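To start, the structure under review is shown below, and the notes come after it.
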Amino acid sequence: MIDIERQALRLDEHDALKSYKARFELPEATIYLDGNSLGPLSLAALRALNTCARDQWGKDLIKSWNIHDWIGLPQRIGAALAPLLGATQDQLIVCDSISVNLFKLLTRVLSASERKRVLLQADNFPTDNYVAQGLAEFARGDILLSYHQTNDIVEHLDSDVAAVVLSHVNYKTGERYDIKTICEQAHLAGAIVICDLAHSAGVLKIDLHAWQVDFAVGCGYKYLNGGPGAPGFIYAARPDALIGRSALQGWMGHQAPFAFDHDYSQASDMRSFLVGTPPVLSMAALLGALTDFQELTLPQLEQKALALGDLFLTSLSNLGLDEELRLVTPREHAQRGAQLSFEHENAYALCQALIAEGVIGDFRAPNVLRFGFSPLFLSFADVVEAALKLHEIVRCKSYLDERFLRRNTVT
Numbered sequence: 001m002i003d004i005e006r007q008a009l010r011l012d013e014h015d016a017l018k019s020y021k022a023r024f025e026l027p028e029a030t031i032y033l034d035g036n037s038l039g040p041l042s043l044a045a046l047r048a049l050n051t052c053a054r055d056q057w058g059k060d061l062i063k064s065w066n067i068h069d070w071i072g073l074p075q076r077i078g079a080a081l082a083p084l085l086g087a088t089q090d091q092l093i094v095c096d097s098i099s100v101n102l103f104k105l106l107t108r109v110l111s112a113s114e115r116k117r118v119l120l121q122a123d124n125f126p127t128d129n130y131v132a133q134g135l136a137e138f139a140r141g142d143i144l145l146s147y148h149q150t151n152d153i154v155e156h157l158d159s160d161v162a163a164v165v166l167s168h169v170n171y172k173t174g175e176r177y178d179i180k181t182i183c184e185q186a187h188l189a190g191a192i193v194i195c196d197l198a199h200s201a202g203v204l205k206i207d208l209h210a211w212q213v214d215f216a217v218g219c220g221y222k223y224l225n226g227g228p229g230a231p232g233f234i235y236a237a238r239p240d241a242l243i244g245r246s247a248l249q250g251w252m253g254h255q256a257p258f259a260f261d262h263d264y265s266q267a268s269d270m271r272s273f274l275v276g277t278p279p280v281l282s283m284a285a286l287l288g289a290l291t292d293f294q295e296l297t298l299p300q301l302e303q304k305a306l307a308l309g310d311l312f313l314t315s316l317s318n319l320g321l322d323e324e325l326r327l328v329t330p331r332e333h334a335q336r337g338a339q340l341s342f343e344h345e346n347a348y349a350l351c352q353a354l355i356a357e358g359v360i361g362d363f364r365a366p367n368v369l370r371f372g373f374s375p376l377f378l379s380f381a382d383v384v385e386a387a388l389k390l391h392e393i394v395r396c397k398s399y400l401d402e403r404f405l406r407r408n409t410v411t
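Quick look at the structure:
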């Protein structure tokens, strides 16, 4: 392992992103490998939050909606996010959560189509499928759902399919999918693609325009570091020709919200995806966090994230952990995101034992241990140290201590 540790120091020395770690508030003696679940506190986000709360809300009160353009936050944050997604400023709006935004998109797509079948990833993050299930139940049989493995979805495209809903990166395994090819095949069949970018936005190369994605959703609290519960976003390829009508109508999606008309008149642009009053403080934090990305390129982010993962895998292999921890994430760069997942019969307890040693990863039922490799605040030395601590815990079987076996509410 001495050679690996030396390699890590050399990589850190030449790391173009090494200065970014100072932009985050991170506890001492902690290696944070859970940015794929919740990003750490960005100091830029904290400054933006303080400015919004103290200088704007505190001093200008309700005047801030105009003076500080709170009303324009959904569009302004969308514009800041656009370069990270291969989108133009007018194609994005920031609002609500992935679950709510997916509901809006599905209702619009289905209301504009005579087709009523939706193809879903069988192993997608549950909320995406729950939203579709709820909509289908409400429609009393008029909407049909079918579940498939991602690599088999294109085989089930036919003239009945209105939409395909899938994630770019699998939340549990970390596998990355070829969205461009799926979009090409879906469009040949006349179907629309809605892509969930929760586990790739802010860390992988994404080009929604080149991939010809119709719609996308994502969140702001993972690799974008926007804070707990940070708002999500909606992407539309054709903001000038939006289809359908949302079943979730609110005053902010009205063509003229402050006309206070009796009946709803849907806005003709991306504002039509808005519902209620924007959560200003959360949006301010996200806008601040996005400033950390202004001087970065997507290839820089992805290259380092994958290199961190490679070094972690090499370290585990050199420590003889390949059999103890079964890798479920593809090794090939093109087929994985910034996350590595391993199966272990005591994955939850192992995760808790690691946390007690200052290495924070996370667990997904029934037996998956996940590690996220965010390139902005992790060093190569961090991942080698994490591997060493993991090896020691496995060697001593300290994870079998009763305190690590008790399940927390949030796992």
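Letter by letter, the sequence shown follows residues 1 to 411 of the UniProt record's numbering. Glycine included, every Cβ here is placed at the ideal spot set by N, Cα and C. Predicted model only: the values in this text are computed from it and were never measured.
- The region 215 to 235 and the region 310 to 321 do not touch, with fewer than 3 CB-CB distances between them shorter than 8 angstroms.
- Annotation: A132 to R140 spans about 13 angstroms, alpha carbon to alpha carbon.
- Taking 8 angstroms as the upper bound for CB-CB distance, A236 and M270 are in contact here, some 6 angstroms apart.
- Ranking K304, L316, H187, A8 by CA distance to the CA of R395 puts L316 first.
- DSSP, read as helix, strand or coil, puts L157 in coil.
- In the three-state reduction of the DSSP assignment, A267 falls in the coil class, being assigned neither a helical nor a strand state.
- With a contact defined as Cβ atoms closer than 8 angstroms, E343 and R326 qualify at about 4 angstroms.
- For C95, the three-state secondary structure derived from DSSP is coil.
- Under the DSSP assignment, F377 falls outside any beta strand (DSSP E); it carries neither an H nor an E label.
- Across the structure, A82 and E155 are spaced so that their CA atoms are roughly 32 angstroms apart.
- Judged by their CB atoms, A122 and A162 are not nearer to each other than the 8 angstroms cut-off.
- With a cutoff of 8 angstroms on beta-carbon distance, L145 and L105 are scored as not near each other.
- If the five residues before and after Y20 are omitted, its C-beta is found closer than 6 angstroms to the C-beta atoms of L376, all from its own chain and listed in chain order.
- Judged by DSSP secondary structure, Y348 falls within the alpha helix (DSSP H) whose first and last residues are 347 to 356.
- Distance from the CA atom of S268 to the CA atom of H391, rounded to whole angstroms, is 57 angstroms.
- With fewer than 16 neighbouring CB atoms inside 10 Å of its own CB, F260 falls in the exposed class.
- DSSP places H344 in the coil class of the three-state scheme, outside both helix and strand.
- Of the candidates N318, T409, L301, L301 places its Cα closest to the Cα of S379.
- At a Cβ-Cβ threshold of 8 angstroms, D90 and P239 count as neighbours.
- A334 and D60 have their C-alpha atoms roughly 49 angstroms apart.
- About 6 angstroms separates the Cβ atoms of I153 and V164, confirming a contact at the 8 angstroms cut-off.
- Between L248 and T127, the C-beta gap is not smaller than 8 angstroms, which leaves the two residues out of contact.
- DSSP places Q303 in the uninterrupted alpha helix (DSSP H) bounded by 298 to 318.
- Runs of alpha helix (DSSP H) with 4 or more residues, each lying fully within the region 194 to 275, are found at 208 to 211, listed in chain order.
- Going by DSSP, R117 is part of the beta strand (DSSP E) stretching over 117 to 121.
- Residues L92, I93, V94 of the same chain have their beta carbon placed closer than 6 angstroms to that of G78, with the five preceding and five following residues left out of the count.
- Secondary structure of S113 (DSSP, three-state): coil.
- When L287, I62, H148, G72 are compared, the shortest CA-CA separation from S167 is found for H148.
- Looking at the DSSP output, R336 shares a beta bridge with E175.
- Bounds of the alpha helix (DSSP H) holding Y130 are 126 to 138.
- Following the DSSP letters along the chain, one finds D362 inside the beta strand (DSSP E) bounded by residues 362 to 364.
- The beta carbons of W57 and P278 sit no closer together than 8 angstroms.
- K222 is positioned such that its CB atom lies closer than 8 angstroms to that of G39.
- Residue pairing for I2: DSSP places it in no beta bridge.
- Rounded to the nearest whole angstrom, the C-alpha separation of E402 and V118 is 45 angstroms.
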